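Participant: Before anything else, here's the structure in question.
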Amino acid sequence: MSSQEHISIISPERSTDENDIRNAMASARRITRTVSSSIFYIDKNNPYPSNIVNAFCQEVFQNNASVVMSINYEQETSRATEFIADIASRLGYPVISWDPFYRSALEADDDNMILQLSSTIYHECKAMVLIMERYNWTEFTIVTTKDMGRDFIDCMDIMVKDTRIIQGYLEKEKYVKIATVILPAASGPYFDDLEKLQTKKELNELKRVKSRIVLLHASKEHAINIIEVAQEMGLVGQQYAWVLTASTVGDLSMSTVAASLPPGILGLSQNRSIGKVEEAIVISSRLVAEAVRKMPRDATLCPYYDCGTLSQNFTRWKTGIQLYKTLKGINLRPSSELIPERGRSRSSEIETRYPVSFTEYGVVANEELFLVNVRPQKEVGQRTFRRPVHQWNKVGRIYPKVENRETVLAIETNEIIWPGLQATPPIGRPEKRFFRLVTKEEKPFVMFVAPDAVTGKCGHHAVPCLVNAKSIENANITNENGTVDYCCTGFCIEILQVLADRMKFDYVIYEVPDGQWGIPDENGKWNGLVKEILD
Numbered sequence: 070m071s072s073q074e075h076i077s078i079i080s081p082e083r084s085t086d087e088n089d090i091r092n093a094m095a096s097a098r099r100i101t102r103t104v105s106s107s108i109f110y111i112d113k114n115n116p117y118p119s120n121i122v123n124a125f126c127q128e129v130f131q132n133n134a135s136v137v138m139s140i141n142y143e144q145e146t147s148r149a150t151e152f153i154a155d156i157a158s159r160l161g162y163p164v165i166s167w168d169p170f171y172r173s174a175l176e177a178d179d180d181n182m183i184l185q186l187s188s189t190i191y192h193e194c195k196a197m198v199l200i201m202e203r204y205n206w207t208e209f210t211i212v213t214t215k216d217m218g219r220d221f222i223d224c225m226d227i228m229v230k231d232t233r234i235i236q237g238y239l240e241k242e243k244y245v246k247i248a249t250v251i252l253p254a255a256s257g258p259y260f261d262d263l264e265k266l267q268t269k270k271e272l273n274e275l276k277r278v279k280s281r282i283v284l285l286h287a288s289k290e291h292a293i294n295i296i297e298v299a300q301e302m303g304l305v306g307q308q309y310a311w312v313l314t315a316s317t318v319g320d321l322s323m324s325t326v327a328a329s330l331p332p333g334i335l336g337l338s339q340n341r342s343i344g345k346v347e348e349a350i351v352i353s354s355r356l357v358a359e360a361v362r363k364m365p366r367d368a369t370l371c372p373y374y375d376c377g378t379l380s381q382n383f384t385r386w387k388t389g390i391q392l393y394k395t396l397k398g399i400n401l402r403p404s405s406e407l408i409p410e411r412g413r414s415r416s417s418e419i420e421t422r423y424p425v426s427f428t429e430y431g432v433v434a435n436e437e438l439f440l441v442n443v444r445p446q447k448e449v450g451q452r453t454f455r456r457p458v459h460q461w462n463k464v465g466r467i468y469p470k471v472e473n474r475e476t477v478l479a480i481e482t483n484e485i486i487w488p489g490l491q492a493t494p495p496i497g498r499p500e501k502r503f504f505r506l507v508t509k510e511e512k513p514f515v516m517f518v519a520p521d522a523v524t525g526k527c528g529h530h531a532v533p534c535l536v537n538a539k540s541i542e543n544a545n546i547t548n549e550n551g552t553v554d555y556c557c558t559g560f561c562i563e564i565l566q567v568l569a570d571r572m573k574f575d576y577v578i579y580e581v582p583d584g585q586w587g588i589p590d591e592n593g594k595w596n597g598l599v600k601e602i603l604d
């Protein structure tokens, strides 16, 4: 093990960012003191395998690198990052990647030896669930296309499975995917009549299942056409919420999607700023420094390949595999928790803002995303002709934070304009029927139990109900009608829960005021349960 390990960074050229990247590399070295780095720029207009091989010969091998870092800014250079990962993995180098277009976020394959620092479709799915939780939406539909939908569908299926809740002895899905609409890949930027007809036919599924929450994952151009058709069908209004993935929204600084969308559409947006690239470089150096401390002291953390290696039968660098697994198991604290080097202030260095750890798939466990909203921004044009200009506005963010020593995702939102220019979100489902249910305690069918002393909530197989104060010993009257907020459980209550879930209705339960089953008096007037039902 040498006293100085090296990271070779390979990136498409982008002259506007070169100074920032140099500063990030210098900052990373000052922070770690044991990890150096250098960068090799490839021609973004010529990202072919031969150029990637040159990068390994001139950069990775000559600098005796321990780790390769791959940076990608654009969809057009994604193939280059795949070549980098392929060559590095074959040789045995761990790859730390910052690639917003990464498409293997759900593939648990240690042979690839990739650690992904950028947000991916995995993070977008987690964000979708957090948004649904925030607005109490429990049912959703996915609308996507054949050319890019598989990952998103699989990812949301994983999220539905991972968020199941236990009710008594039963496991129940907290979020229900009620339909999946997969549209053909678009043949061009605009729908022809046949494509429009086919899209209408497929979107009829949203009407059939009465879906109100739609998660859309498609190309930018395709999304505009899909929502245009949905508008014609009456599927984009104040009862509906459409949430677009970051792939659909695209780069906010360049996106023209919002101009063609109705106000109220929500979307996710990745942070693709140079600041995130700088942070990724510092994180990479911190990861390597931490991994080196955990590796055996006699480990050789460089394979000492040369350019001739690629034309020979070579043995994969086994220590690199061990190094990758060590990197994957590291948990980095935010910079705010670190003690700065003597003589330097923390603010003088590029910060790691959030905790860093990795999933089984090798992607960073939690990452920041922005919540954006289509809003009518301003009016343009001559006085005789004015039209609203719709733009994406940042209205919140989804980010990791530490609570009780655990990293959780949090959501912050500002004022959001909802479909139909409403100030409040849609309820996320068709209006339910509502029933007032009267009951009487009769064990084991209906039993009154106290709510949890700490949370004040009802336990498994129990639902909130209003019980007469006189039925509860030492009860404090909490309602004007002399009832107490209590819980009901029992065989009939369990049946009620199942029926309400399947038949989609809401209810309130209260104990019969006089506590009687009911008998008629001499005038034929009933008391008890019968009176409540007749009234």
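According to my numbering, the residues represented by the sequence shown are 70 to 604, in order. Even for Gly, the Cβ is constructed at its ideal location relative to N, Cα and C. Here the structure is a predicted model, which is why all the values come from computation and not from measurement.
Spatial neighbours of residue 361 within its chain, please: C-beta separation below 6 Å, excluding the five flanking residues on both sides.
Facilitator: Against the sequence shown, residue 361 aligns to sequence position 292. 74.
Participant: Since residue 440 and residue 332 should fall inside the 8 Å C-beta cutoff, what is the C-beta to C-beta distance between them, to a whole number of angstroms?
Facilitator: Residue mapping note: residue 440 aligns to position 371 of the sequence shown, counting from 1. Residue mapping note: residue 332 aligns to position 263 of the sequence shown, counting from 1. Actually they do not touch by this definition, with Cβ atoms about 15 Å apart.
Participant: Per DSSP, what kind of secondary structure is residue 192 in: helix, strand or coil?
Facilitator: Counting from one through the sequence shown, the residue named residue 192 turns up at place 123. Correct three-state label for residue 192: helix.
Participant: Taking 7 Å as the cut-off, decide whether the C-beta atoms of residue 497 and residue 200 are in contact.
Facilitator: Within the sequence shown, numbered from 1, the residue matching residue 497 stands at position 428. Within the sequence shown, numbered from 1, the residue matching residue 200 stands at position 131. Cβ distance not < 7 Å, so residue 497 and residue 200 don't count as in contact.
Participant: I'd like the ranges of any beta strand (DSSP E) spanning at least 3 consecutive residues and lying wholly in the region 97 to 128.
Facilitator: Within the region 97 to 128, the complete beta strand (DSSP E) segments of 3 residues or longer fall at 104 to 111, listed in chain order.
Participant: Could you tell me which uninterrupted alpha helix (DSSP H) segments, each at least 4 residues in length, are contained entirely in the region 455 to 486, listed from first to last along the chain?
Facilitator: none
Participant: Which whole runs of the alpha helix (DSSP H) in the region 337 to 414 are 4 residues long or more, in chain order?
Facilitator: 343 to 363, 387 to 397
Participant: Taking DSSP's pairing of strands, which residues face residue 578 in a bridge?
Facilitator: Indexing the sequence shown from 1 puts residue 578 at position 509. According to DSSP, residue 578 bridges with 506.
Participant: Quick check on DSSP: helix, strand or coil for residue 182?
Facilitator: Reading the sequence shown from its first residue, position 113 is the one you call residue 182. Residue 182 falls in the coil class under three-state DSSP.
Participant: Tell me the rounded alpha-carbon separation between residue 230 and residue 248.
Facilitator: What you label residue 230 is simply residue 161 of the sequence shown in a count that begins at 1. What you label residue 248 is simply residue 179 of the sequence shown in a count that begins at 1. A straight line joining the alpha-carbon of residue 230 with that of residue 248 spans about 16 Å.
Participant: Span of the beta strand (DSSP E) holding residue 209?
Facilitator: The count along the sequence shown starts at 1 and reaches residue 209 at position 140. Element bounds for residue 209: 208 to 214.
Participant: Residue 74 lies in the beta strand (DSSP E); which residues open and close that run?
Facilitator: Looking up residue 74 in the sequence shown gives position 5. First-last of the beta strand (DSSP E) with residue 74: 74 to 81.
Participant: Leaving out five residues before and five after residue 150 in sequence, what residues of the same chain have Cβ atoms less than 7 Å from its Cβ?
Facilitator: Counting from 1 along the sequence shown, the entry for residue 150 is found at position 81. 139, 141, 166, 168, listed in sequence order.
Participant: Between residue 334 and the rest of its own chain, which residues show a CB-CB distance below 6 Å, the 5 nearest in sequence each way excluded?
Facilitator: Reading the sequence shown from its first residue, position 265 is the one you call residue 334. Once the five neighbours on either side are set aside, the close Cβ partners of residue 334 are 311, 443.
Participant: Per the contact definition of three or more C-beta pairs closer than 8 Å, is the region 123 to 134 in contact with the region 86 to 104?
Facilitator: no
Participant: Quick one: what's got a C-beta closer than 8 Å to residue 414's C-beta in the same chain, skipping five residues either side?
Facilitator: In the sequence shown, counting from the first residue as 1, residue 414 sits at position 345. Unreliable positioning characterises residue 414 in this predicted model, as indicated by a pLDDT of 46, which lies under 50. The coordinate reading is nonetheless provided below. Contacts found: none.
Participant: Among residues of its own chain, excluding the 5 on either side of residue 372, which ones have a beta-carbon nearer than 8 Å to its beta-carbon?
Facilitator: Walking along the sequence shown from the start, residue 372 turns up at place 303. Here residue 372 has 160, 161, 162, 386, 388, 389 as same chain residues with Cβ atoms under 8 Å from its own Cβ, once five neighbours each way along the sequence are excluded.
Participant: Is the distance from the Cβ of residue 503 to the Cβ of residue 575 below 7 Å?
Facilitator: Counting from one through the sequence shown, the residue named residue 503 turns up at place 434. Counting from one through the sequence shown, the residue named residue 575 turns up at place 506. Yes, the pair counts as a contact, with Cβ atoms nearer than the cut-off.
Participant: For residue 538, name the three-state secondary structure that DSSP assigns.
Facilitator: For the purposes of this step, residue 538 is taken as the residue at position 469 of the sequence shown. Residue state for residue 538 is assigned as helix, using DSSP reduced to three classes.
Participant: How is residue 223 classed by DSSP in three states: helix, strand or coil?
Facilitator: Along the sequence shown, read from residue 1 onward, the residue named residue 223 stands at position 154. Helix, per DSSP.
Participant: Check the C-beta distance from residue 288 over to residue 197 and give it rounded, since I have them as a contact under 8 Å.
Facilitator: By one-based count along the sequence shown, residue 288 stands at place 219. By one-based count along the sequence shown, residue 197 stands at place 128. With a Cβ gap of about 18 Å, residue 288 and residue 197 do not count as contacting.
Participant: Spatial neighbours of residue 59 within its chain, please: C-beta separation below 7 Å, excluding the five flanking residues on both sides.
Facilitator: Nothing can be reported for residue 59: it is not among the residues displayed for the chain, which extend from 70 to 604.
Participant: So, at 6 Å on beta carbons, what are the nonlocal neighbours of residue 38 in its own chain, with the 5 sequence-adjacent residues on each side left out?
Facilitator: This structure cannot settle anything about residue 38, because the visible part of the chain is limited to 70 through 604.
Participant: Within its chain, find whatever has a CB closer than 7 Å to the CB of residue 272; leave out the 5 residues flanking it on each side and keep chain order.
Facilitator: Position 203 of the sequence shown, counted from the first residue, corresponds to residue 272. So the list reads 250, 298, 299, 302, 304, once near-sequence residues are dropped.
Participant: Please name the residue in 556, 112, 521 whose C-alpha comes closest to that of residue 534.
Facilitator: In the sequence shown, the residue the question calls residue 534 occupies position 465. Looking at the Cα atoms, 556 is the closest of the given residues.
Participant: Can the beta-carbon of residue 393 be found less than 7 Å from the beta-carbon of residue 182?
Facilitator: For the purposes of this step, residue 393 is identified with residue 324 of the sequence shown, where counting begins at 1. For the purposes of this step, residue 182 is identified with residue 113 of the sequence shown, where counting begins at 1. The criterion of a C-beta distance shorter than 7 Å is satisfied by residue 393 and residue 182.
Participant: Can you tell which of 92, 136, 156 has the C-alpha that lies nearest to the C-alpha of residue 380?
Facilitator: By one-based count along the sequence shown, residue 380 stands at place 311. When only C-alpha atoms are compared, the closest one is 156.
Participant: Can you look up residue 552 in the DSSP assignment and give me helix, strand or coil?
Facilitator: If you number the sequence shown from 1, residue 552 lands on position 483. Of the three classes helix, strand and coil, the one that applies to residue 552 here is strand, per DSSP.
Participant: Among 219, 132, 111, whose alpha-carbon lies nearest the alpha-carbon of residue 87?
Facilitator: Counting from one through the sequence shown, the residue named residue 87 turns up at place 18. Comparing Cα positions, the closest option is 111.
Participant: What span of residues does the alpha helix (DSSP H) with residue 269 cover, start to end?
Facilitator: Within the sequence shown, numbered from 1, the residue matching residue 269 stands at position 200. Residue 269 -> alpha helix (DSSP H) spans 262 to 277.
Participant: Looking at residue 436 and residue 286, is the spacing between their C-beta atoms short of 7 Å?
Facilitator: On the sequence shown, residue 286 is found 217 positions in, with the first residue counted as 1. On the sequence shown, residue 436 is found 367 positions in, with the first residue counted as 1. No. Outside cutoff.
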